[in-house]
Structure formats: C-alpha cells, structure tokens
Amino acid sequence: MKTKGKLYFSVFWVLLGVVLIALGVAGVADNFWSGMGGGMMGVGIAQLIRFRRVEKDPEYREKRQIQEGDERNLFIQGKAWQWTATVFIVTAGIGVVVFRLIGQDLLSLAASCAVGYLVLLYWICWLILQKKY
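Quick note on numbering: the sequence shown equals residues 0 to 132 in numbering that gives the first Met the number 0.
The following block contains the structure:
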C-alpha cells in the first residue's frame, strides 16, 4: 500500500477545496467552483479519515490489503469497468441519434466525440496491454 503518496494527495484535495471555497466567498469564483471545492475538500477529508484508520488499526489494515489484492475483487472490478464502458458507449451512441433527431446538433456532436474518444482510448489501451501481456 503506497500510503505516503495517498496521504499527500488527500491533503492536496483538502487544500485545493479550501482555496476554491475561499475564492467563491471572495467573489472571485462563482458558485460552481466553490461547490467543486466543497466536494474536493469532502473527498480529501474522507480519505484522510480512512488513512488514519488504516494506520491505527492493524486488523482493518490487513483486511484492506486482502481486499485490494484479492483476485476475485480485481476480476469484479475489471468486469464492472467493462460493463460501464459498454453501457456508456451504447447510451451515448443512442444519444447521438436522438439528439440529432430533435435538432440538438451540439449535443449530438458532444455525444459523438465522447464515443469516439472512448473507442480511441480503448484501442490505445488494447495495443499497450497486448504488448505487455
């Protein structure tokens, strides 16, 4: 478990969240950015709490290490990503057609670009993994 890097990253999320909230309160940024800062701060705090629990509780730490390295969990995680990508491509593909039919050309283009990007990314990852394995 690379806990030191995770700790620094969690602190980064909290600090970035504080900065974005401060910019929102000062009127420099709009509500979107201050809300984004609140979300980032919340994620960072939750990760810090989990990190502290892993550090303080050896039983919990061992349980987490087993869960993270368990082949069944890794297989399920890979399958979940596979299903997610498939559902996204099909949904966005349908969206391309539906948006075009209702005259929302910009949304159709955005959905089309998202599908194209995901397929391109899949192809690149496939080439890399084919050479690796």
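We put the CB at the ideal spot given by N, CA and C, even for glycine.
Counting the other Cβ atoms within 10 Å of the Cβ of Phe-31 gives fewer than 16, which makes it exposed. Scanning its chain for C-beta atoms nearer than 6 Å, with the 5 sequence neighbours on each side dropped, one finds no residue around Glu-70.
Taking a 10 Å sphere around the C-beta of Leu-105, we find fewer than 16 other C-beta atoms and assign the residue as exposed. Distance from the CA of Val-53 to the CA of Ile-44, rounded to the nearest whole angstrom, comes to 14 Å. Note on geometry: alpha-carbon atoms of Glu-67 and Leu-15 lie some 28 Å from one another. Secondary structure within the segment 65-123: the alpha helix (DSSP H) runs of 4 or more consecutive residues, fully enclosed, are 70-100 (chain order).
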